[in-house]
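In the working numbering, the protein residues as written are 1089 to 1157.
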């Protein structure tokens, strides 16, 4: 049924879109963050890397949780 596919596909599509947005937003708003918080490029890159490591680390626990469902 097309409605069941829509109820499954659309939320996953939205989650993927948000995931990509959160991972790539610093390249877009980086200059604004540098001005607003007086950050240099190295600090902004460190913050971005820490966020990506946190997301990568959470993938393990998310995978375990989803396997149990």
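Note that beta-carbon positions come from the ideal geometry of N, C-alpha and C, so glycine has one too. Nothing here was measured: the structure is a model prediction, and the numbers come from that model.
Check each candidate in the options and name the one with the smallest Cα separation from residue i.
i            : options          : result
residue 1107 : 1140, 1156, 1151 : 1140
residue 1132 : 1144, 1143, 1119 : 1119
Taking 8 Å as the limit between beta carbons, can you name the residues of its chain near residue i, skipping five residues before and five after?
i            : result
residue 1128 : 1122
Mind the definition here: the segment 1130 to 1139 touches the segment 1110 to 1121 only if three or more C-beta pairs lie below 8 Å; say whether that holds. Yes, the segment 1130 to 1139 is in contact with the segment 1110 to 1121.
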